[in-house]
Amino acid sequence: MVRETTDYLDDPLFNALAEPSDGQEETAAEEAGAEGQQAEIQEQNLTDQKPAVDLSGKWMIGLNGSSTGSLDLIMINSGSSVSGYGNLTESGSVYAVTARGTLTEPDLTLEIRPVTNGDAYNAVRLFQLKLALAGQSLAGTYQIYQSEELVGRGNATATRNG
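In this text, residue positions in the sequence shown follow the working numbering: the first is 38, and each later residue adds one.
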């Protein structure tokens, strides 16, 4: 939209703000503005902070129990959210998987789901891992669900792979 006049100096809002006052209103407004800015900066600093534990990278997770196998995952984390992708090797077969979970230091909870490509068997499988940070590795347990029924469980150990 093009203005018909170019006199930008005639602005009632600006003129009202530019009028002199006794200073009390400006001081209160400045203090409120400074407090608001400080709170905004603190909030921004909290969201910009890197997580204390950086799980980003390649991981190998060994599964030992009713089902033995391994997961080779590439994981990234942003704050408490963790996600990734990779391969599950189980009973001599390799399946593409996705991972997603939550990091609440020192605990990591992951859900691993095979990428289905129309495979009905894998469409209903879910691996749940509950791991705890132990130095530069993770250790804990896993459970396998198929059609919401527990079909396997065991121990899981994860190490960085590169």
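Every residue, glycine too, gets a C-beta built ideally from N, C-alpha and C. Keep in mind the model is a prediction, meaning the values are calculated, not measured.
Inset, instruction - Please state if the CB of Ser-107 and the CB of Gly-94 are separated by a distance shorter than 8 Å. - result: For the purposes of this step, residue 94 is identified with residue 57 of the sequence shown, where counting begins at 1. For the purposes of this step, residue 107 is identified with residue 70 of the sequence shown, where counting begins at 1. Not a contact, by the Cβ cut-off of 8 Å.
Inset, instruction - Spatial neighbours of Ile-111 within its chain, please: CB distance less than 8 Å, with the 5 preceding and 5 following residues excluded, ordered by chain position. - result: In the sequence shown, the residue the question calls residue 111 occupies position 74. Gly-94, Lys-95, Trp-96, Gly-121, Tyr-122, Gly-123, listed in sequence order.
Legend entry - Pair within 8 Å by beta-carbon distance, Leu-168 and Ala-136: What you label residue 168 is simply residue 131 of the sequence shown in a count that begins at 1. What you label residue 136 is simply residue 99 of the sequence shown in a count that begins at 1. In this structure, Ala-136 does not lie closer than 8 Å to Leu-168 by Cβ.
Legend entry - Arg-197 versus Ser-184: straight-line alpha-carbon distance, rounded: Here residue 197 is taken as the residue at index 160 of the sequence shown, counted from 1. Here residue 184 is taken as the residue at index 147 of the sequence shown, counted from 1. The alpha-carbon atoms of Arg-197 and Ser-184 are separated by roughly 31 Å.
Inset, instruction - Within its chain, find whatever has a CB closer than 6 Å to the CB of Leu-147; leave out the 5 residues flanking it on each side and keep chain order. - result: As a first step, residue 147 must be located in the sequence shown, where it is residue number 110. The residues are Ala-136, Gly-138, Leu-166.
Inset, instruction - Report the rounded CA-to-CA distance for Asp-91 versus Ile-149, giving the unit in angstroms. - result: By one-based count along the sequence shown, residue 91 stands at place 54. By one-based count along the sequence shown, residue 149 stands at place 112. Approximately 19 Å between the Cα atoms of the pair.
Inset, instruction - Would you kindly check if the distance between the Cβ of Tyr-182 and the Cβ of Leu-163 is under 8 Å? - result: By one-based count along the sequence shown, residue 163 stands at place 126. By one-based count along the sequence shown, residue 182 stands at place 145. Contact flag set, yes.
Legend entry - Cβ-Cβ distance between Leu-145 and Leu-125 below 8 Å: The residue given as residue 145 occupies position 108 in the sequence shown. The residue given as residue 125 occupies position 88 in the sequence shown. No, they are not a contact pair.
Legend entry - Residue range of the beta strand (DSSP E) that includes Ser-174: For the purposes of this step, residue 174 is identified with residue 137 of the sequence shown, where counting begins at 1. Here the beta strand (DSSP E) through Ser-174 covers 174-183.
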